[in-house]
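Visitor: Protein chains in written order, with our numbering: chain A, 382 to 579; chain B, 382 to 579.
We put the CB at the ideal spot given by N, CA and C, even for glycine.
Predicted model, so just to flag it, every value in this text is computed and none were measured.
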DNA sequence: TTAGTATTCGGAGCGCTGCTCCGTTTTGTC
DNA sequence: GACAAAACGGAGCAGCGCTCCGAATACTAA
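1) Measure the CB-CB distance between residue 548 of chain B and residue 496 of chain B and report whether it falls below 7 Å.
2) Can you list, in chain order, the residues of the stretch 493 to 517 of chain B whose Cβ is nearer than 7 Å to any Cβ on chain A?
3) Taking residue 449 of chain A as the query, report the chain B residues whose CB atoms sit under 8 Å from its CB, ordered along the chain.
4) With respect to the alpha helix (DSSP H) encompassing residue 534 of chain B, which residues constitute its N-terminal and C-terminal limits?
5) Under 7 Å between C-beta atoms, does residue 434 of chain B make it to chain A?
6) Report the partner residues of residue 574 of chain A according to the DSSP bridge assignment.
7) So the candidates are A:447, A:502 and A:572; which of them puts its Cα closest to the Cα of residue 538 of chain A?
8) Assuming residue 360 of chain A is part of the alpha helix (DSSP H), what are its boundary residues?
9) Leaving out five residues on either side along the sequence, give the residues of the same chain with a beta carbon under 7 Å from the beta carbon of residue 369 of chain A.
10) Excluding the 5 residues flanking residue 500 of chain B on each side, which residues of the same chain have their C-beta closer than 6 Å to its C-beta?
11) Since residue 458 of chain A meets chain B, which of its residues come closer than 7 Å, beta carbon to beta carbon?
12) Just list the alpha helix (DSSP H) runs in the stretch 461 to 528 of chain B, keeping only unbroken ones of 4 residues or longer that don't cross its boundaries, in chain order.
13) Name, going along the chain, the residues of the stretch 554 to 573 of chain B whose beta-carbon falls closer than 8 Å to a beta-carbon of chain A.
14) Output yes or no for whether 7 Å exceeds the beta carbon distance between residue 528 of chain A and residue 576 of chain A.
15) Applying the 10 Å Cβ sphere with the 16-neighbour rule, what's the burial state of residue 461 of chain A?
16) Would a C-beta distance cut-off of 7 Å place residue 411 of chain A and residue 427 of chain A closer than the cut-off?
17) Between residue 550 of chain B and chain A, is the shortest Cβ-Cβ distance under 7 Å, so that the two count as touching?
18) Consider the Cβ of residue 445 of chain A: report whether some Cβ of chain B lies at a distance smaller than 7 Å.
19) Rounded to whole angstroms, what is the Cα-Cα separation between residue 466 of chain A and residue 523 of chain A?
20) Roughly how many angstroms separate the alpha carbons of residue 568 of chain B and residue 542 of chain A, rounded to a whole number?
21) Quick check: what's the CA-CA separation for residue 385 of chain B versus residue 422 of chain B?
22) Can you pull the chain B neighbours of residue 539 of chain A, defined as C-beta to C-beta under 9 Å?
23) Tell me whether residue 491 of chain A is buried or exposed, calling it buried when 16 or more other Cβ atoms sit within 10 Å of its Cβ.
24) Let's see if you can read the secondary structure: which residues bound the alpha helix (DSSP H) around residue 407 of chain B?
25) For a contact meaning CB atoms closer than 7 Å, what does residue 546 of chain B contact in chain A?
26) Do you know offhand how far residue 482 of chain B's Cα is from residue 457 of chain B's?
27) Report the option in B:463, B:562 and B:503 whose CA atom is closest to the CA atom of residue 478 of chain B.
28) Please report whether the beta-carbon of residue 542 of chain A lies at a distance below 7 Å from any beta-carbon of chain B.
29) Can you name, in chain order, every residue of its own chain whose Cβ lies under 7 Å from the Cβ of residue 489 of chain B, other than the five neighbours on each side?
30) Applying the criterion that 16 or more other CB atoms from any shown protein chain within 10 Å of the CB defines a buried residue, is residue 435 of chain B buried or exposed?
31) Who are the near neighbours of residue 525 of chain A in its chain, counting only those whose CB is closer than 8 Å to its CB and skipping five residues on each side?
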């Protein structure tokens with residue numbers, strides 16, 4: 382798999398100029414199409430928008446997950462980096478956790494269908510799943526550990542389970558006033574909280 | 382056998398014998414296929430299993446949701462009817478709510494892909510969504526109200542939001558030991574619970 | 001029983017998707 | 001300018017949902 386360096390973007394140094402250009406064109410087109418048609422949009426549509434053949438997209442992004450992660454990489458990184466910062470700036474580890482989850486939820490609900498794709502058991506999305514986990518799970522674990530250590534919450538909660546649960550709660554139409562995942566997530570956090578009774 | 386109830390289809394009284402027979406055959410085949418391939422299984426596959434043409438399935442069950450609800454109708458009804466019973470038998474309304482949710486979760490996680498379909502915003506599943514809501518939402522509301530009245534939980538939780546959240550939490554592969562929706566739902570209920578400040 | 005008719009059946013067929021294959025074009029190099 | 005190597009593009013195949021319509025079947029009336 383793309384021996385791309387970790388957080389970096391050596392945008393294909395040895396690649397040909399047209400290849401580099403096309404990669405960016407496709408990324409831009411995909412970003413636009415994702416907004417209007419969701420991350421499930423037909424590859425043909427993205428190719429048409431980019432004025433490019435389908436094979437070109439598959440060449441640069443072998444799976445749909447690769448394309449999605451490339452489009453949202455910056456925002457995922459920002460979310461990952463926000464963890465330690467919040468831990469330093471918030472009133473308590475629990476408050477940091479709450480704010481970080483808020484960021485994560487904001488990210489998910491504004492990307493049409495992203496949460497759905499994230500939790501899908503479709504093999505095509507496995508890489509997406511993995512990327513999110515690789516990048517964000519350690520951050521979540523750190524926040525969780527800090528909150529446990531501070532006595533804000535009880536021990537035993539697995540970061541993987543929490544993150545996946547939050548992701549799951551964000552699934553679905555985002556324009557239904559009867560359902561706001563944030564309210565349920567707040568409830569979840571409330572349940573996590575330790576009574577602080579001495 | 383229930384001369385069949387409100388939301389039910391009279392088992393096709395005026396229909397021709399072969400039509401009635403085929404309806405049952407399809408139902409049985411669909412039930413089998415759903416177990417092995419999930420509720421998203423290709424219609425062709427169900428038709429083949431039933432030894433029937435595709436049009437026959439579409440004639441009896443115009444949308445996939447109709448087929449799914451027909452297959453699981455009994456279990457959904459059982460879940461709906463369990464609500465009042467639990468309320469009468471459990472130690473507290475809160476405990477009744479907890480047990481009822483347990484039933485609901487059991488139902489969802491044992492039907493491969495059902496939770497996914499339930500929360501999908503695909504129009505094809507709208508009827509499924511509606512059926513679940515029509516049948517189970519009042520039950521959930523009753524349990525919730527009782528728990529509020531008993532002071533077990535705080536007011537303000539919307540039954541729709543709770544049910545959908547629970548459904549969402551049940552989405553995904555059901556064989557992942559790292560993720561058990563029940564743990565998160567327990568947390569959610571914990572967050573719902575009022576401190577019993579009496 | 002038989003003939004007639006309404007009902008039901010079955011699968012070919014259309015449109016849309018994901019993904020690949022391969023002849024053509026572009027790019028970088030000498 | 002010539003020539004590989006790299007990249008391109010879209011035709012093409014397979015799988016799916018859903019429909020359409022000639023064929024087969026079950027009821028009914030004589």
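Guide: Looking at the atomic coordinates:
1) Start at 1 with the first residue of the second chain, and residue 548 of chain B comes out as number 167. Start at 1 with the first residue of the second chain, and residue 496 of chain B comes out as number 115. Going by C-beta atoms, residue 548 of chain B is nearer than 7 Å to residue 496 of chain B.
2) 500 and 502
3) Position 68 of the first chain, counting from 1, holds the residue named residue 449 of chain A. Residues of chain B passing the Cβ test: none, with the nearest at roughly 18 Å.
4) Indexing the second chain from 1 puts residue 534 of chain B at position 153. Unbroken run through residue 534 of chain B: none, as it is neither H nor E.
5) Within the second chain, residue 434 of chain B is the residue found at index 53, counting from 1. It does not; no Cβ of chain A falls within 7 Å.
6) The residue you call residue 574 of chain A lines up with position 193 of the first chain. In DSSP, residue 574 of chain A forms a bridge with A:534.
7) By one-based count along the first chain, residue 538 of chain A stands at place 157. Checked all of A:447, A:502 and A:572; the closest Cα to residue 538 of chain A is A:572.
8) Nothing about residue 360 of chain A can be reported from this structure: the residues present for chain A run from 382 to 579 only.
9) Residue 369 of chain A lies beyond the range of chain A shown here (382 to 579); nothing can be said about it.
10) Counting from one through the second chain, the residue named residue 500 of chain B turns up at place 119. So the qualifying residues of the chain are 548 and 549.
11) Here residue 458 of chain A is taken as the residue at index 77 of the first chain, counted from 1. Here the premise fails: no neighbours, minimum Cβ distance about 24 Å.
12) 474 to 491 and 495 to 500
13) 554, 559, 560, 561, 562, 564, 565, 567, 568, 569, 570, 571, 572 and 573
14) Numbered from 1 along the first chain, position 147 holds the residue referred to as residue 528 of chain A. Numbered from 1 along the first chain, position 195 holds the residue referred to as residue 576 of chain A. No; because the gap between Cβ atoms is not below 7 Å, this pair is not in contact.
15) Position 80 of the first chain, counting from 1, holds the residue named residue 461 of chain A. Buried: at least 16 other Cβ atoms inside 10 Å.
16) To locate residue 411 of chain A, count along the first chain from 1; it is residue 30. To locate residue 427 of chain A, count along the first chain from 1; it is residue 46. In contact: residue 411 of chain A and residue 427 of chain A (Cβ atoms closer than 7 Å).
17) Mapped onto the second chain, residue 550 of chain B falls at position 169. Taking Cβ atoms only, chain A reaches closer than 7 Å to residue 550 of chain B, which makes this a yes.
18) Within the first chain, numbered from 1, the residue matching residue 445 of chain A stands at position 64. No, residue 445 of chain A does not count as interfacial toward chain B.
19) Residue numbering aside, residue 466 of chain A sits at position 85 when the first chain is read from its first letter. Residue numbering aside, residue 523 of chain A sits at position 142 when the first chain is read from its first letter. Taking the straight line from one Cα to the other gives about 12 Å.
20) Residue numbering aside, residue 568 of chain B sits at position 187 when the second chain is read from its first letter. Residue numbering aside, residue 542 of chain A sits at position 161 when the first chain is read from its first letter. So the alpha carbons of these two residues sit roughly 12 Å apart.
21) Locating residue 385 of chain B in the second chain gives position 4, counting from the first residue. Locating residue 422 of chain B in the second chain gives position 41, counting from the first residue. Annotation note: pLDDT 35 at residue 385 of chain B (below 50); position unreliable, coordinate value reported separately. Approximately 28 Å, taken between the alpha carbons.
22) As a working mapping, residue 539 of chain A is identified with position 158 in the first chain. By Cβ distance, chain B contributes 559, 560 and 564.
23) Walking along the first chain from the start, residue 491 of chain A turns up at place 110. Classification of residue 491 of chain A: exposed, given that the 10 Å Cβ count is below 16.
24) In the second chain, counting from the first residue as 1, residue 407 of chain B sits at position 26. Taken as a continuous stretch (DSSP letters only), the alpha helix (DSSP H) holding residue 407 of chain B covers 398 to 418.
25) Stepping through the second chain from its first residue, residue 546 of chain B is reached at position 165. Per Cβ cutoff of 7 Å: 550 and 565.
26) Indexing the second chain from 1 puts residue 482 of chain B at position 101. Indexing the second chain from 1 puts residue 457 of chain B at position 76. Their backbone Cα atoms lie some 13 Å apart in a straight line.
27) Position 97 of the second chain, counted from the start, is the residue given in the question as residue 478 of chain B. Looking at the Cα atoms, B:463 is the closest of the given residues.
28) Within the first chain, the letter at position 161 stands for residue 542 of chain A. Yes, because at least one Cβ of chain B sits closer than 7 Å to the Cβ of residue 542 of chain A.
29) Numbered from its first residue, the second chain carries residue 489 of chain B at position 108. Taken in chain order, the residues that qualify are 495, 496, 548 and 551.
30) In the second chain, residue 435 of chain B corresponds to position 54, counting from 1. Exposed.
31) Residue mapping note: residue 525 of chain A aligns to position 144 of the first chain, counting from 1. Excluding residues within five positions, the ones whose Cβ falls inside 8 Å are 478, 534, 538, 540 and 543.
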